[in-house]
Amino acid sequence: VVLASGLDMEAGYSRELFLEWCADSKNAVIVTGRSEQRTLGSKLIHIATAGSNVNRHLTLEIKRRIRLEGTELDQYRLKRREKEQEAARIRLENARRQSRLETVESSDESDTEDLETPAADHPYDVMWKWEQQQKSSFFKQNKKSFPMYTFVEEKVKWDDYGEIIRPEDFTLVDSVVPHVEHVGALS
Numbered sequence: 001v002v003l004a005s006g007l008d009m010e011a012g013y014s015r016e017l018f019l020e021w022c023a024d025s026k027n028a029v030i031v032t033g034r035s036e037q038r039t040l041g042s043k044l045i046h047i048a049t050a051g052s053n054v055n056r057h058l059t060l061e062i063k064r065r066i067r068l069e070g071t072e073l074d075q076y077r078l079k080r081r082e083k084e085q086e087a088a089r090i091r092l093e094n095a096r097r098q099s100r101l102e103t104v105e106s107s108d109e110s111d112t113e114d115l116e117t118p119a120a121d122h123p124y125d126v127m128w129k130w131e132q133q134q135k136s137s138f139f140k141q142n143k144k145s146f147p148m149y150t151f152v153e154e155k156v157k158w159d160d161y162g163e164i165i166r167p168e169d170f171t172l173v174d175s176v177v178p179h180v181e182h183v184g185a186l187s
């Protein structure tokens, strides 16, 4: 008795066992449940329930991996080498394009240094080198972000106990109280 999972018998250990043992008429197949329509398991159930008036011969399509040899192996290696060369060429073009952009940006930066306009004067540049962020990312971004408003969100720092409190925000500034001397005697 061998119990194999996969009631459909479309793939896996159950199909391999069936293919190996179905040639001998002494072997029996016991299916423990219903399987999906148009699968090997459902065909076997249909044959068993129909009785003797149904053709008991099945035609099965068997797919196996075969090692490539000779000219087929050479063709596969040639195609793989061409794909790798194409990928290397694309990477090289991207690297060259990136270096050109960096040289253009560095020359632009040197020009702006000559004009003596510091970058701190314009902290709210709307398109703050968005392209550079895209180039530095390894993974593809799901959506493009185009900043719309000139707003910088101030991140609140937290620790294990909650928001970090700065004591200087809550200190009271002691103002100097003018000391007035009373002239005259109290009577």
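Residue numbers (the UniProt record's numbering): 1 to 187. Glycine residues also receive a C-beta, built at the ideal position from the N, C-alpha and C atoms. Since we're looking at a predicted model, the values are computed, not measured.
N- and C-terminal bounds of the alpha helix (DSSP H) containing residue i
i          : result
residue 13 : 13 to 21
residue 45 : 40 to 50
C-beta atoms of residue i and residue j nearer than 8 Å
i           : j           : result
residue 15  : residue 44  : no
residue 74  : residue 36  : no
residue 62  : residue 54  : no
residue 18  : residue 31  : no
residue 155 : residue 164 : no
Assigned exposure category for residue i - 16 Cβ within 10 Å defines buried
i           : result
residue 170 : exposed
residue 114 : In this predicted model, residue 114 has a pLDDT of only 49, less than 50, meaning its place in the structure is not dependable; the value taken from the coordinates is given anyway. Residue 114 comes out exposed.
Residue i (DSSP reduced to helix, strand or coil)
i           : result
residue 74  : helix
residue 61  : coil
residue 163 : strand
residue 30  : coil
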